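Reviewing the structure listed below.
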Amino acid sequence: MSGKTLFKKIWDEHVVASPEGEPTLLYIDLHLVHEVTSPQAFDGLRLSHRTVRRPDRTLATADHNVPTDPISTPVKDPVSRRQLEALEENCEEFGITVFPRGHENQGIVHVIGPELGVTQPGMTIVCGDSHTSTHGAFGALAFGIGTSEVEHVLATQTLPQQQAKSMSVTLEGKAPVGVSAKDIALGIVSRLGTGGGAGYVIEYRGEAIRELSMEGRMTICNMSIEAGARAGLVAVDDTTIAYLRNRPGVPQGEHFDETAARWRSYVSDDDAIFDKEIVIDASDLTPFVTWGTNPAQVVALSGNIPSPDDFDDADEKNTTMRSLAYMDLEPGTQVRSIPVDIVFIGSCTNSRIEDLRAAAHVARGQHVAGSVRALVVPGSHRVKKQAEEEGLDAIFLAAGFEWREPGCSMCLGMNPDQLQPGQRCASTSNRNFEGRQGRGGRTHLVSPVVAAATAVKGRFATPDEVLS
Amino acid sequence: MKPVRILEGRAVPLERSDVDTDQIIPSDWLKRVERTGFGRGLFSEWRDDPGFVLNDQRYVGANILIAGPRFGTGSSREHAVWALMDYGFEAIIAPSFGDIFRNNSSKQGLVIVQLPPQDVEELNTLVRDDATRLVVVDVDNLRVEVPEAGWQRGFDLDAMTRERLLNGWDDIGLTLRREAAITAYEKGYAAPTLSGVFDHEGHTLVP
Ligand code: SF4
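Residue numbers (the numbering used here), protein chains in the order written: chain A, 1 to 468; chain Z, 1 to 207.
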């Protein structure tokens with residue numbers, strides 16, 4: 001018999017029941033909750049007189065809605081304010097730990113789980129947010145769910161699930177210098193397409209993945225959903241263990257070493273067979289920019305905007321035409337010549353300390369171009385505090401970037417940080433959908449270093465154009 | 001959730017691919033704490049355009065939406081399903097769907113009909129030619145029909161989703177029948193400890 005994939009190992013350990021003809025009932029180790037996808041779930045519990053089964057496995061934070069203005073300023077939008085209050089009231093009522101706006105542990109749900117050490121190898125993790133796939137970087141099976149499922153997990157700590165198929169995406173060789181985790185993620189999404197991962201859990205493997213930090217691996221797993229996969233995984237190794245040591249949520253001292261030894265089994269067996277295997281040559285990767293309105297519409301920063309004529313498929317031709325019109329781009333335009341209005345460094349894809357360090361390295365001693373507004377939004381209060389201890393805030397501020405309070409911010413524009421119609425944005429977030437960052441706004445997804453260089457040049461640029 | 005056996009009505013051809021949930025319901029609408037009233041926000045960025053198909057008088061009152069490939073990808077927002085249903089849609093027919101969207105739909109009783117692209121195109125043509133044509137989605141027999149045109153196709157639905165739709169079963173109620181199994185599982189399982197962050201009453205321990 002062949003060995004087990006990492007996915008199958010975690011799955012098998014969490015089966016509560018597998019009744020004939022019904023989906024498997026899977027146990028959930030950690031349920032992360034935020035203000036946007038939970039109010040209707042708590043309401044449902046109240047209506048049916050149900051309680052939260054395991055408040056000790058449930059953790060809530062405010063993130064999607066919070067303004068990034070100084071904490072002392074009240075939330076102006078009454079609908080947002082109501083939703084933030086509802087989260088606190090619901091958590092109070094049902095006995096759930098919550099980090100409200102301004103709390104020192106508050107931040108984007110996918111940033112705080114790992115940094116607090118509550119995201120651990122071998123776990124099943126769910127959250128009412130599609131980018132829950134981020135936590136898979138720790139060898140945890142983590143996926144996004146809808147509000148009905150949030151209610152289901154609150155009430156039962158389980159979820160009925162059909163087992164997904166497994167896919168390995170192997171990044172062979174080393175990524176060239178100047179290629180960041182975000183570029184690898186964009187490269188993978190463009191290779192798979194927006195639907196290529198549908199029905200699969202992807203395990204990312206290979207040298208270029210092993211060499212990444214945990215932050216980089218989170219960036220890759222984060223974008224699994226953009227290829228249609230519900231979850232991404234990276235096997236546990238020394239990097240995983242080193243990241244988790246001393247985090248508040250993990251066992252401390254010698255207990256940590258015992259636990260870590262067990263965590264090391266969360267890897268795919270050598271002879272495990274995947275339902276689908278994809279190999280990507282990492283040395284082909286380059287800094288990427290999305291040009292269209294889905295995250296698979298990717299072009300090299302050194303390249304040109306594609307033309308509908310580049311595609312044979314009628315459907316793709318059409319999509320390309322529509323995307324180009326929305327983005328107001330001419331086929332053949334050099335990417336480097338395209339000016340931007342806004343630069344956004346933030347989101348659960350790229351707002352961790354390493355992302356901010358990388359961007360600050362490019363911004364140091366430079367200045368944001370006159371026509372550009374550039375925002376830096378740390379992923380959490382812990383990230384913000386550490387960045388300030390390292391003096392990154394001073395570098396950004398001196399270079400003319402705004403240094404804001406943590407939250408999802410311009411990633412989805414539910415708070416006041418929004419694009420105006422027609423504005424063009426270089427963004428380190430994960431979705432370039434029409435209107436995602438504000439009605440009529442035009443989003444180009446890039447890495448943190450490209451975002452910083454672009455802010456300085458006022459047009460798409462790589463760090464070497466700024467640093468040399 | 002109310003039982004769904006057979007849906008009959010008119011269908012509207014959206015004819016767009018990659019319609020993600022941000023387009024179905026923009027994030028501005030997600031601030032609400034209620035579950036109703038989202039219909040007004042459905043496709044709201046496109047609704048201002050008089051040429052948008054939902055503004056076409058011939059399709060007013062349609063309860064079946066025919067969409068392009070990869071409908072409902074992106075964000076997990078169930079609000080997308082609430083918006084479609086609040087607007088009056090009871091079934092979506094498309095060549096492929098986002099996974100989370102498909103799940104969310106099944107919880108609310110929005111029927112997801114996946115057909116091969118050429119069948120979807122044929123159906124588009126049928127309702128473009130004559131918007132008054134009756135379309136029937138039969139969940140019991142897993143069939144889509146345009147009786148007047150003699151057009152009929154079967155579709156797949158996993159057995160459990162079909163049962164749930166037909167009976168209007170509540171998922172949580174179904175799972176709670178397995179309460180004993182959940183408790184037994186919890187007893188036998190060395191669950192990962194999170195005790196450094198919050199205790200068993202849910203109080204924060206991190207300073
Ligand atoms: S940062 Fe963006 S993608 Fe991430 S959780 Fe927030 S809204 Fe979702």
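All C-beta atoms, glycine included, are put in the ideal place defined by N, C-alpha and C. Everything numeric in this text was worked out from a predicted model, so none of it was measured.
Note to self: Between which two residues does the alpha helix (DSSP H) holding residue 46 of chain Z run?
What the structure shows: Taking the first residue of the second sequence as position 1, residue 46 of chain Z is located at position 46. Note, residue 46 of chain Z: alpha helix (DSSP H), 44-47.
Notebook entry, point to check: Got a sec: which bits of the region 183-201 of chain A sit with their beta carbon under 8 Å from any beta carbon on chain Z, in order along the chain?
Noted result: 194, 195, 198 and 199
Checklist line | residue 400 of chain A and residue 68 of chain A closer than 8 Å at C-beta | finding: Position 400 of the first sequence, counted from the first residue, corresponds to residue 400 of chain A. Position 68 of the first sequence, counted from the first residue, corresponds to residue 68 of chain A. Taking 8 Å as the Cβ cut-off, residue 400 of chain A and residue 68 of chain A do not qualify as a contacting pair.
Next item on the list: Anything in the region 134-147 of chain Z with a Cβ closer than 9 Å to a Cβ of chain A? List those residues in chain order, please.
Entry: none
Check: Comparing the C-beta of residue 185 of chain Z with each C-beta of chain A, is any distance below 8 Å?
Finding: As a working mapping, residue 185 of chain Z is identified with position 185 in the second sequence. Cβ-Cβ to chain A under 8 Å: yes for residue 185 of chain Z.
Notebook entry, point to check: Do you know offhand how far residue 404 of chain A's Cα is from residue 99 of chain A's?
Noted result: Numbered from its first residue, the first sequence carries residue 404 of chain A at position 404. Numbered from its first residue, the first sequence carries residue 99 of chain A at position 99. Spanning the two alpha carbons is a distance of roughly 18 Å.
Checklist line | Closer than 8 Å at the beta carbon, the chain Z residues around residue 414 of chain A | finding: Position 414 of the first sequence holds residue 414 of chain A. Within 8 Å Cβ-Cβ: 27, 28, 30 and 31.
Check: Run through DSSP, which three-state label would residue 457 of chain A get?
Finding: The sequence position of residue 457 of chain A within the first sequence is 457, counting from 1. Correct three-state label for residue 457 of chain A: helix.
Checklist line | Minimum Cβ-Cβ distance from residue 7 of chain A to chain Z less than 8 Å | finding: Counting from one through the first sequence, the residue named residue 7 of chain A turns up at place 7. No, its Cβ sits nowhere closer than 8 Å to a Cβ of chain Z.
Note to self: Along the region 21-42 of chain A, where does the CB come closer than 8 Å to a CB of chain Z? Name the residues.
What the structure shows: 21, 22, 23, 25, 27, 29, 30, 36, 37, 39 and 40
Notebook entry, point to check: Can the beta-carbon of residue 65 of chain A be found less than 8 Å from the beta-carbon of residue 382 of chain A?
Noted result: To locate residue 65 of chain A, count along the first sequence from 1; it is residue 65. To locate residue 382 of chain A, count along the first sequence from 1; it is residue 382. Not closer than 8 Å, so no.
Check: Hey, quick one: how far does the alpha helix (DSSP H) through residue 467 of chain A stretch, first residue to last?
Finding: Along the first sequence, one-based indexing puts residue 467 of chain A at 467. Unbroken alpha helix (DSSP H) run through residue 467 of chain A: 463-467.
Notebook entry, point to check: Since residue 72 of chain Z contacts residue 97 of chain Z with CB under 8 Å, what's their CB separation in whole angstroms?
Noted result: Here residue 72 of chain Z corresponds to residue number 72 of the second sequence, with the count starting at 1. Here residue 97 of chain Z corresponds to residue number 97 of the second sequence, with the count starting at 1. Rounded, the Cβ-Cβ distance is 5 Å, consistent with contact.
Item checked: Classification of residue 334 of chain A by the beta-carbon crowding that lies within 10 angstroms, buried from 16 upward -> Here residue 334 of chain A refers to the residue found at position 334 of the first sequence. Label assigned to residue 334 of chain A: exposed.
Next item on the list: Starting from residue 123 of chain A, find everything on chain Z with Cβ-Cβ shorter than 7 Å and list it in chain order.
Entry: One-based indexing of the first sequence puts residue 123 of chain A at position 123. Here the neighbours are 192.
Note to self: Can you check which of these residues, A:5, A:355, A:123 and A:324, is closest to residue 386 of chain A by C-alpha distance?
What the structure shows: As a first step, residue 386 of chain A must be located in the first sequence, where it is residue number 386. When each option's Cα is compared against that of residue 386 of chain A, the closest is A:355.
Check: Hey, which unbroken runs of the beta strand (DSSP E) at 3 residues or more fall wholly within the region 199-279 of chain A?
Finding: 200-205 and 231-233
Item checked: Whole-angstrom distance between residue 38 of chain A and residue 111 of chain Z, CA atom to CA atom -> Within the second sequence, the letter at position 111 stands for residue 111 of chain Z. Within the first sequence, the letter at position 38 stands for residue 38 of chain A. For residue 111 of chain Z and residue 38 of chain A, the distance between alpha carbons rounds to 23 Å.
Check: Within 10 angstroms of its Cβ, does residue 52 of chain Z collect 16 or more other Cβ (buried), or is it exposed?
Finding: Locating residue 52 of chain Z in the second sequence gives position 52, where the first residue counts as 1. Under this definition residue 52 of chain Z is an exposed residue.
Check: If we ignore side chains and look at the alpha-carbon of each, how far apart do residue 2 of chain Z and residue 93 of chain Z end up?
Finding: Within the second sequence, the letter at position 2 stands for residue 2 of chain Z. Within the second sequence, the letter at position 93 stands for residue 93 of chain Z. The straight-line gap from Cα to Cα measures roughly 20 Å.
Margin query: For residue 116 of chain A, would you say it is in contact with chain Z, using Cβ-to-Cβ distances shorter than 8 Å as the test?
Written below: In the first sequence, the residue the question calls residue 116 of chain A occupies position 116. Yes, contact with chain Z.
Check: For chain A, is any of its Cβ atoms less than 8 Å away from the one on residue 85 of chain Z?
Finding: For the purposes of this step, residue 85 of chain Z is taken as residue 85 along the second sequence, with counting starting at 1. False, the Cβ-Cβ gap to chain A never drops below 8 Å.
Margin query: So that I know if they touch, is there some Cβ in chain Z lying closer than 8 Å to that of residue 59 of chain A?
Written below: The sequence position of residue 59 of chain A within the first sequence is 59, counting from 1. For residue 59 of chain A, the answer is yes, since a Cβ of chain Z falls inside 8 Å of its Cβ.
Checklist line | Residue range of the unbroken beta strand (DSSP E) whose run includes residue 138 of chain Z | finding: For this step, residue 138 of chain Z is matched to residue 138 along the second sequence. Looking at the DSSP string, the run of the beta strand (DSSP E) that includes residue 138 of chain Z is 135-138.
Check: So the alpha helix (DSSP H) residue 91 of chain A belongs to, where does it begin and stop?
Finding: By 1-based counting over the first sequence, the position of residue 91 of chain A is 91. It spans 78-94 - the alpha helix (DSSP H) in which residue 91 of chain A sits, taken as one unbroken run.
Check: Helix or strand or just coil, what does DSSP make of residue 49 of chain A?
Finding: For the purposes of this step, residue 49 of chain A is identified with residue 49 of the first sequence, where counting begins at 1. Three-state DSSP puts residue 49 of chain A in coil, outside helix and strand.
Notebook entry, point to check: Can you tell me the Cα-Cα spacing of residue 43 of chain A and residue 77 of chain Z, whole angstroms?
Noted result: Position 43 of the first sequence, counted from the start, is the residue given in the question as residue 43 of chain A. Position 77 of the second sequence, counted from the start, is the residue given in the question as residue 77 of chain Z. Looking at the two C-alpha atoms, the distance is approximately 16 Å.
Checklist line | Between the CA atoms of residue 241 of chain A and residue 479 of chain A - distance to the nearest angstrom | finding: This structure cannot speak to residue 479 of chain A, because chain A is shown only from 1 to 468.
Margin query: Tell me the residue span of the beta strand (DSSP E) that contains residue 374 of chain A.
Written below: Indexing the first sequence from 1 puts residue 374 of chain A at position 374. Where residue 374 of chain A is concerned, the enclosing beta strand (DSSP E) stretches over 373-376.
Margin query: Given a cut-off of 8 Å on the beta-carbon distance, is the pair residue 290 of chain A and residue 176 of chain A in contact?
Written below: Taking the first residue of the first sequence as position 1, residue 290 of chain A is located at position 290. Taking the first residue of the first sequence as position 1, residue 176 of chain A is located at position 176. Contact flag unset, no.
Checklist line | Beta carbon of residue 303 of chain A nearer than 8 Å to that of residue 233 of chain A | finding: Residue mapping note: residue 303 of chain A aligns to position 303 of the first sequence, counting from 1. Residue mapping note: residue 233 of chain A aligns to position 233 of the first sequence, counting from 1. Not a contact, by the Cβ cut-off of 8 Å.
Margin query: My parser needs the beta strand (DSSP E) runs of 3 or more residues fully inside the region 14-75 of chain Z; what are they?
Written below: 64-66
Notebook entry, point to check: Do residue 109 of chain A and the ligand SF4 come close, with the Cβ less than 7 Å from some heavy atom?
Noted result: Position 109 of the first sequence, counting from 1, holds the residue named residue 109 of chain A. Indeed, a heavy atom of the ligand SF4 lies less than 7 Å from the Cβ.
Note to self: Can you confirm whether residue 39 of chain Z, when its beta carbon is compared against all beta carbons of chain A, has any partner nearer than 8 Å?
What the structure shows: Taking the second sequence and counting its residues from 1, the one referred to as residue 39 of chain Z is at position 39. Not an interface residue.
Item checked: Cβ-heavy atom distance, residue 380 of chain A to the ligand SF4, below 7 Å -> Here residue 380 of chain A corresponds to residue number 380 of the first sequence, with the count starting at 1. Every heavy atom of the ligand SF4 is 7 Å or more from the Cβ of residue 380 of chain A, so no.
Checklist line | Neighbour list for residue 433 of chain A in chain Z, Cβ cutoff strictly below 7 Å | finding: Along the first sequence, one-based indexing puts residue 433 of chain A at 433. In chain order: 20, 22, 23 and 74.
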